[in-house]
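Peer 1:
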Amino acid sequence: MTAVETVHVDLGARSYDVRIGAGLIARAGAEIAPLLRRPRVAVLTDATVAPLHLDALRAGLGDVTMTALSLPAGEGTKGWPEFARAVDWLLAERIERRDVVIAFGGGVIGDLAGFAAAVLRRGVRFVQIPTTLLAQVDSSVGGKTGINSVHGKNLVGAFHQPSLVLADIGVLDTLPARDFLSGYGEVVKYGLLGDAGFFEWLERNGPALAAGDATLRQYAVRRSVEMKARIVERDETEEGDRALLNLGHTFCHALETATGYSGRLLHGEGVAIGCALAFELSQRLGLCSQEDPSRVRAHLKAMGMKADLADIPGDLPDADALLALMAQDKKVVDGRLRFILARGIGEAFVADDVPGDVVRKLLAEALA
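Under my numbering, the sequence shown has 236 at position 30, and the numbering climbs by one with no breaks.
#1: Rounded to the nearest angstrom, what separates residue 349 and residue 451 at their Cα positions?
#2: What residues in its chain sit with their C-beta under 7 Å from that of residue 453, if we drop five residues either side in the sequence?
#3: Based on the DSSP secondary-structure assignment, which residues constitute the bridge partners of residue 225?
#4: From the DSSP secondary-structure annotation, give me the bridge partner or partners of residue 321.
#5: Look up residue 307 in the DSSP assignment and say whether it is helix, strand or coil.
#6: Could you check whether residue 357 and residue 329 sit closer than 9 Å to each other, using their CB atoms as the reference points?
#7: Quick one: any contact between the region 271 to 279 and the region 336 to 352, if contact means 3 or more CB pairs under 8 Å?
#8: At which residue ranges does the region 226 to 279 contain complete beta strand (DSSP E) runs of 3 or more residues, listed in the order of the chain?
#9: Within the same chain, show all residues whose beta-carbon is closer than 8 Å to that of residue 526, passing over the 5 residues directly before and after it, in chain order.
#10: Let's see if you can read the secondary structure: which residues bound the alpha helix (DSSP H) around residue 463?
#11: So what does DSSP say about residue 567, is it helix, strand or coil?
#12: Keeping to the same chain, check which residues put their C-beta closer than 6 Å to that of residue 506; ignore five residues upstream and five downstream.
#13: Grab me the residues of residue 389's own chain with a C-beta within less than 6 Å of its C-beta, minus the 5 sequence neighbours each way, in chain order.
#14: Cα-Cα, which of 434, 494, 570, 457 is closest to residue 216?
#15: Between residue 334 and residue 371, which are expected to be in contact by the criterion C-beta below 8 Å, what is the C-beta distance as a whole number of angstroms?
#16: Could you compute how far the alpha carbon of residue 393 sits from the alpha carbon of residue 304?
#17: Along the chain, where does the alpha helix (DSSP H) containing residue 358 start, and where does it finish?
#18: In chain order, which beta strand (DSSP E) runs of at least 3 residues are fully inside the region 492 to 570?
#19: Beta-carbon within less than 6 Å of residue 363's beta-carbon, same chain only, minus the 5 sequence neighbours each way: which residues are those?
#20: Comparing C-alpha positions only, which one of 307, 449, 326 sits nearest to residue 369?
#21: Using DSSP with H/G/I as helix, E/B as strand and the rest coil, what is residue 301?
#22: If you reduce the DSSP assignment to three classes, tell me which class residue 350 lands in.
#23: Among residues of its own chain, excluding the 5 on either side of residue 262, which ones have a beta-carbon nearer than 8 Å to its beta-carbon?
#24: Could you give the uninterrupted runs of the alpha helix (DSSP H) lying entirely in the region 399 to 487, keeping only those of 4 residues or more?
#25: Taking the alpha-carbon positions, what's the residue 411 to residue 282 distance?
#26: DSSP three-state label for residue 382, please.
#27: To which residues of the same chain is residue 458 closer than 8 Å at the C-beta, ignoring the five residues directly before and after it?
#28: If you count every other CB in all the chains shown that lies within 10 Å of the CB of residue 402, and 16 or more means buried, which is it?
#29: Going by CA-CA distance only, name the one from 502, 301, 317, 214 that's closest to residue 391.
#30: For residue 564, count neighbouring Cβ atoms within 10 angstroms of its own Cβ and tell me buried if that reaches 16, exposed if not.
#31: Give me whichever residues DSSP pairs with residue 334 in a beta bridge.
#32: Is the Cβ-Cβ distance between residue 520 and residue 373 less than 9 Å?
#33: Within 10 Å of its beta-carbon, does residue 218 have 16 or more other beta-carbons around it, so buried, or fewer, so exposed?
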């Protein structure tokens, strides 16, 4: 078993460590102890994670008293009703400003619990213990918290950095294969946006990683977190470079809205399809070679992942309707769609002058 590794996120007074390795839940009390002013934590989790891992977390916390609220699993939880329920519960539990809230689950719980911590008594500290691959490599790091609105995904939220992230590689063994591969969509994204060598490593090692090799999994999580940490350090509140992390997401968020945030399309699946479309769009605009989008799609298919709009079950809206959904995205600036495009694998950049007719044609052909 590989040793626990640490990636430091350097944000001055808001700096924190991301600890990565197996067995971190079993020693959660020792990991979290330096943050505690009294031996008590409040845990927000969900109905999938609680029966699998909550007892282990309770045991791992040792002498620290744990109180927990389990919310329904799924993207539907990430809205006003469950958010209000979580905040009211934390207040009823008398969580004070000096206390610590723990987000114990996937991206939905991490986003919701982080936002609850951000607004509770104008800000309490929180610790992320992500239990999915997607949350370990992406949503638990960087301080983006929030909930969805009827108008779109993640439109209500705050930047609120965690005080610590514990990414226990061991819990990934309990993930259904589809959920693991959904998270892998975000791992691939890191190679595509800024590290061609990492993408080549994934082409070689992806199948063994998905099959359960813990050493490969730990390296993939660590490398992804390192890349995200360096970008967040340069641009904490997404004024510039951090937008690169949205590679594939403009397409993805429109597709998630179109499928009703349902089990038809998981977030990482949307990211994977979105990355394939972003590379296809880049190639059509003459930015990258024809080989690049083919390579992206070939790797996704080799991993048994969704790579095309045709892979999403059920009917999708037409190209104009999907474009209208993209126009509601947070990444729209002055009414102009911003896309993350690429000059090649590992060479992503922000573009806000993409012709709408080219995007519409790409979508229409992909839907056909």
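Where a beta carbon is used, it is the ideal one built from N, C-alpha and C, also for glycine.
Peer 2: Well, looking at it:
#1: On the sequence shown, residue 349 is found 143 positions in, with the first residue counted as 1. On the sequence shown, residue 451 is found 245 positions in, with the first residue counted as 1. Going by the C-alpha atoms only, they are around 13 Å apart.
#2: Working through the sequence shown from its first residue, we reach residue 453 at position 247. The answer, listed in chain order, is 395, 398, 399, 481, 484, 546, 554.
#3: Residue mapping note: residue 225 aligns to position 19 of the sequence shown, counting from 1. BP columns for residue 225 point to 212, 372.
#4: Taking the sequence shown and counting its residues from 1, the one referred to as residue 321 is at position 115. DSSP lists no partner for residue 321.
#5: As a first step, residue 307 is located in the sequence shown; it is residue number 101 there, counting from the start. Strand, per DSSP.
#6: Position 123 of the sequence shown, counting from 1, holds the residue named residue 329. Position 151 of the sequence shown, counting from 1, holds the residue named residue 357. No, they are not a contact pair.
#7: no
#8: 246 to 252, 271 to 277
#9: Translated into positions along the sequence shown, residue 526 becomes position 320. The residues are 566.
#10: Residue numbering aside, residue 463 sits at position 257 when the sequence shown is read from its first letter. Note, residue 463: alpha helix (DSSP H), 455 to 464.
#11: Looking up residue 567 in the sequence shown gives position 361. Here residue 567 sits in helix by DSSP.
#12: As a first step, residue 506 must be located in the sequence shown, where it is residue number 300. Within the same chain, residue 506 has close Cβ partners 478, 513.
#13: Taking the sequence shown and counting its residues from 1, one reaches residue 389 at position 183. Excluding residues within five positions, the ones whose Cβ falls inside 6 Å are 338, 339, 340, 474.
#14: Within the sequence shown, the letter at position 10 stands for residue 216. Among 434, 494, 570, 457, the Cα nearest to that of residue 216 belongs to 434.
#15: Here residue 334 refers to the residue found at position 128 when the sequence shown is read from its first residue. Here residue 371 refers to the residue found at position 165 when the sequence shown is read from its first residue. Indeed, because the Cβ distance is near 4 Å, the residues count as touching under 8 Å.
#16: As a first step, residue 393 must be located in the sequence shown, where it is residue number 187. As a first step, residue 304 must be located in the sequence shown, where it is residue number 98. For residue 393 and residue 304, the distance between alpha carbons rounds to 34 Å.
#17: Taking the first residue of the sequence shown as 1, we reach residue 358 at position 152. Unbroken run through residue 358 is the beta strand (DSSP E), 358 to 365; no alpha helix (DSSP H).
#18: 545 to 548, 554 to 557
#19: The count along the sequence shown starts at 1 and reaches residue 363 at position 157. Closer than 6 Å at the Cβ level, and outside the excluded window around residue 363, lie 321, 351, 352.
#20: Counted from its first residue, the sequence shown places residue 369 at position 163. The candidate whose alpha carbon is nearest that of residue 369 is 307.
#21: The sequence position of residue 301 within the sequence shown is 95, counting from 1. Residue state, collapsed to three classes: coil.
#22: Taking the sequence shown and counting its residues from 1, one reaches residue 350 at position 144. Strand.
#23: Taking the first residue of the sequence shown as 1, we reach residue 262 at position 56. Closer than 8 Å at Cβ, skipping near neighbours: 231, 232.
#24: 402 to 417, 420 to 440, 455 to 464
#25: Counted from its first residue, the sequence shown places residue 411 at position 205. Counted from its first residue, the sequence shown places residue 282 at position 76. Approximately 34 Å between the Cα atoms of the pair.
#26: Here residue 382 corresponds to residue number 176 of the sequence shown, with the count starting at 1. Reduced to three states, the DSSP call for residue 382 is coil.
#27: Taking the sequence shown and counting its residues from 1, one reaches residue 458 at position 252. Taken in chain order, the residues that qualify are 473, 476, 477, 479, 480.
#28: Working through the sequence shown from its first residue, we reach residue 402 at position 196. Burial call: exposed.
#29: In the sequence shown, counting from the first residue as 1, residue 391 sits at position 185. Per the Cα distances, 502.
#30: Numbered from its first residue, the sequence shown carries residue 564 at position 358. Exposed, because fewer than 16 other Cβ atoms sit within 10 Å of the Cβ of residue 564.
#31: Your numbering for residue 334 matches position 128 in the sequence shown. Partner(s): 309, 371.
#32: Within the sequence shown, residue 520 is the residue found at index 314, counting from 1. Within the sequence shown, residue 373 is the residue found at index 167, counting from 1. No. Outside cutoff.
#33: Working through the sequence shown from its first residue, we reach residue 218 at position 12. That one is exposed.
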